[in-house]
Each structure stands twice: as C-alpha cells, then as structure tokens.
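What follows is the structure, given as structure tokens:
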C-alpha cells in the first residue's frame with residue numbers, strides 16, 4: 353500500500369507492506385540509517401524519532417499507519433554544517449561512548465525540550481527513562497540536556 | 004512476523020469498525036505497543052489490523068457532573084496532559100505516569116493498556132506450552148521457577164501477574180468500560196472486564212473508560228526494581244471517602260502481585276468506619292495477605308505487597324488531610 357511520508361522535510365511516496373515498521377522503512381527504504389534498532393520490542397528507546405512533533409518508538413510503529421505524517425530523525429537535526437545545540441552539548445559533555453543509543457537519546461532530548469520538562473536533574477532523568485545506554489553515558493547525557501535547558505532559559 | 008500477509012484498514016466510523024472486526028482474523032490496532040511486539044514474536048497472527056484511532060466515539064476526554072468519560076483510543080499521554088482529570092483522580096494519573104516510558108505513553112491507548120497481554124516469558128515464546136495463549140495445554144510457568152508468578156491467585160487458571168497499572172487504579176476508582184457490538188452498547192465494571200484474562204467475550208469493542216466523579220481521595224503506589232520504566236513487583240491503588248476524618252467508603256486494590264486487579268476486602272474492613280491513623284493503617288496492612296496460601300511466592304514478595312498496601316493508605320491519609 354502507498355504511504356505519503358515527509359521525512360526531515362522531504363516528501364516521499366512509499367510502497368510498503370503493512371508489516372513494515374517505521375524503523376525499517378527509514379533505514380532500509382530511505383537509507384536513513386541514523387535511527388537504530390536495538391531491542392526491536394520497545395524496551396531500549398534507540399529507535400526514537402519524532403512523528404508529527406511527538407516522540408515515539410519507530411520499531412513499534414507500523415509505517416502504514418503514518419499516511420500524511422511528518423517524521424524527524426537524527427539526520428534532520430543539524431542545519432547544514434551547523435550542529436543542533438543538543439548535538440554540540442552531547443559532544444562537549446561526553447554523552448556517548450559507542451554511539452549506538454545516541455540518535456535515540458538525541459531525539460528523546462529534542463522532545464524533552466519541546467515538552468518543557470522541568471529543568472532539574474530528577475525531572476530530566478525521569479523524562480529520559482525510556483532511553484537505555486549500555487555504555488553508561490547517562491551522566492554526560494543528563495549534563496548535556498541540562499546545559500541546553502539552562503541556556504535556553506537564559507535566552 | 005509469521006503471517007503470510009496482513010491487511011490494514013483505517014475506518015472513519017464506528018459502524019465500519021464493527022464490520023471490519025467481524026471479519027475472520029481481524030483485530031483492533033491501538034498504539035501497537037503490545038500488538039506489534041506480539042506479531043513479531045509469532046504470538047499474534049492477525050489477518051488484518053483495524054486502526055480505529057480516528058473514530059470519534061473512541062476519542063476525547065469528556066466530563067459530566069457525575070463522571071469522566073475517556074475514549075478507548077485516547078493515549079496515556081493525552082490523559083496526563085489533562086490537568087483537571089489528574090487533579091481529581093490522582094490514582095489514575097499516577098498509574099499512567101508510573102507506567103512505561105514517555106515514548107510508549109505517547110503511543111499507547113487506554114483500551115489497549117487495560118487489555119494488555121501478560122509479560123510471562125512462556126506466553127511470549129511460541130515454542131513453550133501456554134494454556135492461556137493456546138486455549139489449552141500446560142502452563143510452563145508452573146513447571147519452572149523462571150517466570151514471576153502472582154502471589155494472590157485463588158483458582159485463576161493463569162498465574163501471570165496483572166502488571167497493568169491502569170487496570171488496578173481503575174478498579175479502585177470503581178471505573179467501568181462502555182463496550183459496543185452489533186447489538187448495541189453495554190457497560191461493565193473494569194473489575195469484571197479484567198476478572199477473566201483474554202479477549203472481551205463477544206469480541207466487543209471498548210469505546211469509553213468511565214470513571215465516577217465522587218468526593219474522595221485516591222493514590223496509586225508501585226514498587227519496582229528500577230526507579231522508572233519497569234513493571235511493578237507490587238502495586239496498590241486505594242480510594243476512600245473520608246468525612247470528619249472517618250473512612251465512610253473504601254476500595255483497596257492490588258495489581259502486580261495478583262493475577263488480576265483484586266480488592267482486599269480484609270484490608271478494607273479494617274479501615275472502614277475508622278480514622279486513618281498509623282495504627283489503623285498498620286493493622287489493615289497486616290491483613291494484606293489474609294487468606295493467601297503463598298503457593299507461588301516468598302516472604303519477600305509478601306513484604307513488597309504489604310508495603311505497597313500500607314503506602315497507598317498512607318498516601319490517601321495525607322491527601323485527606325491536605
């Protein structure tokens with residue numbers, strides 16, 4: 353069946369099997385391999401993307417349900433060579449080691465800012481609890497998000 | 004996924020939805036957080052998916068003087084954004100906020116949450132016998148020590164814990180569901196809905212979760228191995244009507260150490276007609292395991308279970324004094 357999907361601002365017309373997940377459609381049909389599949393069952397959050405502005409798990413989303421939707425993936429964060437403030441902060445605060453969970457962490461973090469989560473370590477940690485990091489980079493991830501939160505508050 | 008093919012339909016009306024659900028092998032798709040997972044495991048093998056999330060009768064959070072009516076397709080996140088519901092029904096809000104992750108709450112529907120499948124590893128593995136999944140046969144959980152088993156079982160055929168927090172809170176709040184089939188609309192209590200595991204008899208569709216608006220205080224407490232994003236190892240929801248400091252009506256419901264949301268009548272009896280003092284709560288908590296034979300648990304699980312009952316009552320007390 354046909355699905356009209358806008359991904360990172362670009363419109364696509366996909367021919368998909370109803371069993372196709374959004375994660376697989378992004379990675380295999382559109383070559384956008386930034387989004388990762390970790391557990392493929394909703395437990396790790398590595399596949400997190402934004403659909404119509406809301407963070408969801410792309411491994412449990414069937415792409416056939418997204419006709420006329422807009423998707424934002426990690427590839428859509430930077431503006432040309434200019435990194436997103438969260439990407440800058442992740443690099444500065446050592447918020448990654450192997451990098452596998454990082455796209456999902458970034459997309460969840462983008463959503464945390466948009467959701468106006470309270471600017472405290474506790475609230476941000478809770479808001480990010482759906483994203484696991486086996487390398488244990490949580491302290492850096494938290495510092496990075498808090499830094500961007502605090503700098504946005506000043507602005 | 005092991006189905007040879009899968010159809011996908013997106014009905015715009017309730018009538019279309021019911022017609023589609025009448026087709027052999029067609030099942031309702033909510034947020035997909037249970038169903039897509041089970042399809043991938045080969046546990047669910049539908050022929051078609053009915054995505055009814057745009058059907059008006061399944062949406063919206065509607066208030067009337069006597070009740071809140073929450074659409075079956077409303078997401079957990081949508082309810083949590085509704086400040087009035089959260090203020091009036093803290094047990095409901097807490098049961099949603101303490102469940103899953105933000106991403107899952109953005110996807111998962113209320114009806115799907117109520118009807119969630121068990122997490123038992125044997126239910127989820129088609130290679131191992133599971134009478135609940137297969138409609139007969141053995142229970143692999145009883146034959147091994149691997150899968151968590153509920154403490155409070157009675158004669159329930161399946162010993163898998165009822166890990167759905169919303170169901171536990173809904174029973175404490177005396178909530179009901181409205182269901183439709185081609186014969187019309189019916190209401191049943193959530194307690195009745197969840198009494199027997201499995202699909203709703205008659206393949207009825209949950210359209211609304213209805214929660215009474217009554218003067219009272221509620222709380223939901225959950226104990227788990229991680230601070231967040233984990234099912235409970237014990238949970239309790241409590242609601243009480245308190246007048247002049249005395250409990251006039253009370254409902255105490257446990258979830259994660261039970262096979263279904265279960266009212267603890269012995270606990271309720273201890274607090275009814277009394278003030279919620281520390282002594283009363285302690286005495287009530289000692290009845291949390293009344294009548295249970297520890298067939299499937301240990302002292303530790305018993306302690307967790309009792310502690311959540313105590314904490315839920317303490318929370319209700321604090322709220323009644325605020």
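Protein chains in written order, with our numbering: chain A, 353 to 507; chain B, 4 to 325. Ideal Cβ positions, reconstructed from N, Cα and C, are used throughout, including at glycine.
Task: 7 Å Cβ cut-off: residues of chain B touching residue 387 of chain A - done: If you number the first chain from 1, residue 387 of chain A lands on position 35. Residues of chain B passing the Cβ test: none, with the nearest at roughly 13 Å.
TODO: Just mark residue 68 of chain B as buried or exposed, buried being the case when its beta carbon has 16 or more other beta carbons within 10 Å.
DONE: Reading the second chain from its first residue, position 65 is the one you call residue 68 of chain B. Exposed, since its Cβ has fewer than 16 Cβ neighbours within 10 Å.
Open item on the list: For residue 12 of chain B, which residues in the same chain have their Cβ closer than 6 Å to its Cβ, ignoring the five residues on either side in sequence?
Closed with: Counting from one through the second chain, the residue named residue 12 of chain B turns up at place 9. Taken in chain order, the residues that qualify are 23, 53.
Open item on the list: Taking a contact to mean a Cβ-Cβ separation below 7 Å, would you say residue 175 of chain B touches residue 254 of chain B in this structure?
Closed with: As a first step, residue 175 of chain B must be located in the second chain, where it is residue number 172. As a first step, residue 254 of chain B must be located in the second chain, where it is residue number 251. Their beta carbons are under 7 Å apart, which means residue 175 of chain B touches residue 254 of chain B by this criterion.
Open item on the list: Tell me the rounded alpha-carbon separation between residue 167 of chain B and residue 433 of chain A.
Closed with: The count along the second chain starts at 1 and reaches residue 167 of chain B at position 164. The count along the first chain starts at 1 and reaches residue 433 of chain A at position 81. Each residue's alpha carbon lies about 46 Å from the other.
- [ ] Check the Cβ-Cβ distances between residue 109 of chain B and every residue of chain A, and say whether any is below 7 Å.
- [x] Along the second chain, one-based indexing puts residue 109 of chain B at 106. So, interface residue.
TODO: Provide the residue span of the beta strand (DSSP E) that contains residue 209 of chain B, from first to last.
DONE: Numbered from 1 along the second chain, position 206 holds the residue referred to as residue 209 of chain B. Segment 208-215, the beta strand (DSSP E) holding residue 209 of chain B.
- [ ] Pick out the complete alpha helix (DSSP H) segments inside the stretch 128-175 of chain B, 4 residues or longer, and give them in chain order.
- [x] 134-137, 143-146, 168-175
Open item on the list: So within the stretch 18-78 of chain B, which uninterrupted alpha helix (DSSP H) runs reach at least 4 residues, ignoring any that extend past its ends?
Closed with: 38-44
Open item on the list: Considering Cα atoms alone, identify which of A/360, A/393, A/435 is closest to residue 402 of chain A.
Closed with: As a working mapping, residue 402 of chain A is identified with position 50 in the first chain. Considering only alpha carbons, the answer is A/360.
TODO: Report, in whole angstroms, the separation of the C-beta atoms of residue 283 of chain B and residue 277 of chain B, which I expect to be a contact under 8 Å.
DONE: Within the second chain, residue 283 of chain B is the residue found at index 280, counting from 1. Within the second chain, residue 277 of chain B is the residue found at index 274, counting from 1. Rounded, the Cβ-Cβ distance is 5 Å, consistent with contact.
Task: Beta-carbon proximity of residue 213 of chain B to residue 70 of chain B, cut-off 7 Å - done: Counting from 1 along the second chain, the entry for residue 213 of chain B is found at position 210. Counting from 1 along the second chain, the entry for residue 70 of chain B is found at position 67. Their beta carbons are under 7 Å apart, which means residue 213 of chain B touches residue 70 of chain B by this criterion.
Open item on the list: Among the candidates A/389, A/407, A/393, whose CA atom is the shortest distance from the CA of residue 399 of chain A?
Closed with: Translated into positions along the first chain, residue 399 of chain A becomes position 47. Closest option to residue 399 of chain A, Cα to Cα, is A/389.
Task: Cβ of residue 370 of chain A within 7 Å of any chain B Cβ - done: Locating residue 370 of chain A in the first chain gives position 18, counting from the first residue. Cβ-Cβ to chain B under 7 Å: yes for residue 370 of chain A.
Open item on the list: For residue 63 of chain B and residue 82 of chain B, what's the separation of their Cα atoms in angstroms?
Closed with: Residue numbering aside, residue 63 of chain B sits at position 60 when the second chain is read from its first letter. Residue numbering aside, residue 82 of chain B sits at position 79 when the second chain is read from its first letter. About 9 Å.
TODO: Specify whether the stretch 94-105 of chain B and the stretch 15-32 of chain B touch according to this definition: at least 3 beta carbon pairs, one from each stretch, less than 8 Å apart.
DONE: no
Open item on the list: Check this for me: beta carbons of residue 56 of chain B and residue 4 of chain B, under 7 Å apart or not?
Closed with: Your numbering for residue 56 of chain B matches position 53 in the second chain. Your numbering for residue 4 of chain B matches position 1 in the second chain. Result no, Cβ atoms of residue 56 of chain B and residue 4 of chain B do not sit closer than 7 Å.
TODO: Select from B/274, B/84, B/207, B/157 the residue whose C-alpha is nearest the C-alpha of residue 299 of chain B.
DONE: Here residue 299 of chain B is taken as the residue at index 296 of the second chain, counted from 1. Nearest C-alpha to residue 299 of chain B: B/157.
Task: Partner residues on chain A for residue 4 of chain B, Cβ-Cβ distance less than 8 Å - done: To locate residue 4 of chain B, count along the second chain from 1; it is residue 1. Going along chain A in sequence order, the residues near residue 4 of chain B (Cβ under 8 Å) are 371.
Task: Beta-bridge pairing of residue 223 of chain B - partner residues as DSSP gives them - done: Along the second chain, read from residue 1 onward, the residue named residue 223 of chain B stands at position 220. DSSP, once it has assigned bridges, lists B/240 as partnering residue 223 of chain B.
Task: Option nearest residue 373 of chain A by Cα separation, candidates B/40, B/19, B/119 - done: Position 21 of the first chain, counted from the start, is the residue given in the question as residue 373 of chain A. The residue with the shortest Cα to Cα distance from residue 373 of chain A is B/40.
Open item on the list: Within 7 Å of any Cβ in chain B, is that where the Cβ of residue 478 of chain A sits?
Closed with: In the first chain, the residue the question calls residue 478 of chain A occupies position 126. Yes, contact with chain B.
Task: C-alpha gap between residue 154 of chain B and residue 78 of chain B, whole angstroms - done: For the purposes of this step, residue 154 of chain B is taken as the residue at position 151 of the second chain. For the purposes of this step, residue 78 of chain B is taken as the residue at position 75 of the second chain. Near 30 Å, if we compare the C-alpha coordinates of residue 78 of chain B and residue 154 of chain B.
Open item on the list: Please tell me whether residue 3 of chain B has its Cβ less than 7 Å away from any Cβ of chain A.
Closed with: Any property of residue 3 of chain B remains undetermined from this structure, which presents chain B solely from 4 to 325.
Open item on the list: If we define contact as Cβ-Cβ less than 7 Å, is residue 54 of chain B a contact residue for chain A?
Closed with: Within the second chain, residue 54 of chain B is the residue found at index 51, counting from 1. True, the Cβ-Cβ gap to chain A drops below 7 Å.
Task: Contact check, residue 407 of chain A vs residue 106 of chain B, beta carbons under 7 Å - done: The residue labelled residue 407 of chain A in the question sits at position 55 within the first chain. The residue labelled residue 106 of chain B in the question sits at position 103 within the second chain. Going by C-beta atoms, residue 407 of chain A is nearer than 7 Å to residue 106 of chain B.
TODO: Just tell me which of B/270, B/202, B/10, B/164 has its CA closest to the CA of residue 287 of chain B.
DONE: Translated into the one-based positions of the second chain, residue 287 of chain B becomes position 284. Out of B/270, B/202, B/10, B/164, B/270 has the C-alpha closest to the C-alpha of residue 287 of chain B.
Task: Every unbroken beta strand (DSSP E) within the stretch 355-397 of chain A, with a cutoff of 3 residues, ordered by chain - done: 362-367
Open item on the list: Please return the same chain residues whose Cβ sits closer than 8 Å to the Cβ of residue 473 of chain A, not counting the five positions on each side in sequence.
Closed with: Taking the first chain and counting its residues from 1, the one referred to as residue 473 of chain A is at position 121. Closer than 8 Å at Cβ, skipping near neighbours: 494, 498.
Task: Proximal residues of chain A, C-beta to C-beta of residue 11 of chain B below 8 Å - done: Position 8 of the second chain, counting from 1, holds the residue named residue 11 of chain B. The contacting residues are 353, 370, 414, 416, 417.
- [ ] Give every residue of the same chain whose Cβ lies closer than 6 Å to the Cβ of residue 454 of chain A, excluding the five residues on either side of it in the sequence, and list them in chain order.
- [x] Taking the first chain and counting its residues from 1, the one referred to as residue 454 of chain A is at position 102. Only 448 meet the Cβ criterion.
Open item on the list: For residue 189 of chain B, which residues in the same chain have their Cβ closer than 6 Å to its Cβ, ignoring the five residues on either side in sequence?
Closed with: The residue given as residue 189 of chain B occupies position 186 in the second chain. Only 182 meet the Cβ criterion.
Open item on the list: Residues of the stretch 86-109 of chain B in Cβ contact with chain A at a cutoff of 7 Å, in chain order, please.
Closed with: 104, 105, 106, 107, 109
Open item on the list: If contacts are defined as beta-carbon pairs under 8 Å, then residue 209 of chain B and residue 75 of chain B qualify, I think. What distance do you get, rounded to the angstrom?
Closed with: By one-based count along the second chain, residue 209 of chain B stands at place 206. By one-based count along the second chain, residue 75 of chain B stands at place 72. Indeed, because the Cβ distance is near 4 Å, the residues count as touching under 8 Å.
Open item on the list: Quick check on DSSP: helix, strand or coil for residue 415 of chain A?
Closed with: Taking the first chain and counting its residues from 1, the one referred to as residue 415 of chain A is at position 63. Residue state, collapsed to three classes: helix.
Open item on the list: Distance cutoff 7 Å, beta carbons only. Does residue 232 of chain B sit that close to anything in chain A?
Closed with: Position 229 of the second chain, counting from 1, holds the residue named residue 232 of chain B. Yes, because at least one Cβ of chain A sits closer than 7 Å to the Cβ of residue 232 of chain B.
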